[in-house]
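Colleague:
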Amino acid sequence: MRVLMTAAAMVMATSVAKAESVKTGDYSFIYSYPAEAAAIPQLRARLNAEDKALKGKTARDAAAARRESKNGSFPFRAYETQKTWKVVTSTPRFLSLSSDAYEYTGGAHGNPSSGALVWDKARGVGIDPTQVFTSTAALQRVIAPTYCARLKAERSRRLAPYKDTSDTFSQCPTLKELTLLLGSSNRQRIDRIGLIADPYVAGSYAEGAYEVTLPVTPAILSAVRPAYRAAFAAR
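With the working numbering applied, the sequence shown has no gaps in its numbers, which climb one by one up to 226 at the end.
1. For residue 13, list the residues DSSP reports as bridge partners.
2. DSSP three-state call for residue -4: helix, strand or coil?
3. Should residue 166 be labelled buried (16 or more other beta-carbon atoms within 10 Å of its own) or exposed?
4. Apply the 10 Å Cβ neighbour rule to residue 150 and answer buried if 16 or more other Cβ atoms are within range, or exposed otherwise.
5. Exposed or buried, residue -3, counting other C-beta atoms within 10 Å across all chains shown (16 or more means buried)?
6. Assign residue 8 to one of three DSSP states: helix, strand, or coil.
7. Quick one: what's residue 187 bridged to in DSSP?
8. Alpha helix (DSSP H) containing residue 32: first to last residue?
9. Got a sec, what are the start and stop residues for the alpha helix (DSSP H) residue 129 sits in?
10. Does the beta-carbon of residue -8 have 16 or more other beta-carbons within 10 angstroms, so that it is buried, or is it exposed?
11. Can you tell which of 147, 126, 10 and 191 has its C-alpha closest to the C-alpha of residue 211?
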């Protein structure tokens, strides 16, 4: 069974409130979330619903694949689904979560992926991290120069010697292709953001994910919606 790694360096060490593990002849399934999420009834219900839906889908898809393997005379390989939610930070306004996921459906290898969710404590709702900004285009404009430079430096470190080409993996991904995490160095205000490029977004499967952390600058702060600006701090 694949062991998931931490989604980003910003993720805090937190206790797990729920950890479900199921293994059958058709599939294996793991789902967990932290105590901080379980303490919020609406968020706990949302994650429990996701757990149930993912497990049901995995069971149905694996059973269908087993039936097809008998009819198609090809070997059946057990399916696998894992999803782990972790706390990035908890501030007076936000509970910021990241997820590591992995799915195997019988191919050459499985597919890891990352995700994010922010619980707005003041409004009692879960939102995508991009929703705290005026627009993805506005945030893209202010982070692109620094993000792309740091991504290029990391590519150079991993792939030395490295040079730009017209290849897809030499391009700088757009914000819509990345997982955006909201982080804090002091658990008071959001003062850094994490950007995760999953495999096949900024590099090959073998290269793994590319993670870049940026401080919240005045330019980034200017792209935050006015209603959320007090929950951020520029560094």
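Think of the CB as a built atom: it goes at the ideal place given N, C-alpha and C, for glycine as much as any other residue.
Modeller: For this structure:
1. Residue numbering aside, residue 13 sits at position 22 when the sequence shown is read from its first letter. 20, per the DSSP bridge assignment.
2. Translated into positions along the sequence shown, residue -4 becomes position 5. Any reading at residue -4 is ruled out, since the residue's pLDDT is 41, under 50, leaving its predicted position unreliable.
3. Locating residue 166 in the sequence shown gives position 175, where the first residue counts as 1. Residue 166 comes out buried.
4. In the sequence shown, the residue the question calls residue 150 occupies position 159. In the assembly as shown, residue 150 is an exposed residue. Its beta-carbon has fewer than 16 other beta-carbons within 10 Å.
5. Along the sequence shown, one-based indexing puts residue -3 at 6. Note that residue -3 scores a pLDDT of 44, beneath 50, so its modelled location is shaky and nothing firm can be said.
6. What you label residue 8 is simply residue 17 of the sequence shown in a count that begins at 1. Shown here, residue 8 sits in a strand according to DSSP, grouped into three states.
7. The residue you call residue 187 lines up with position 196 of the sequence shown. BP columns for residue 187 point to 170 and 202.
8. Residue numbering aside, residue 32 sits at position 41 when the sequence shown is read from its first letter. Segment 32 to 63, the alpha helix (DSSP H) holding residue 32.
9. Here the question's residue 129 lines up with position 138 in the sequence shown. Note, residue 129: alpha helix (DSSP H), 127 to 150.
10. Counting from one through the sequence shown, the residue named residue -8 turns up at place 1. Any reading at residue -8 must be qualified, since the residue scores a pLDDT of 41, below 50, and its modelled position is unreliable; the value itself is stated next. Label assigned to residue -8: exposed.
11. Taking the first residue of the sequence shown as 1, we reach residue 211 at position 220. Check the Cα spacing between residue 211 and each of 147, 126, 10 and 191: the tightest is with 126.
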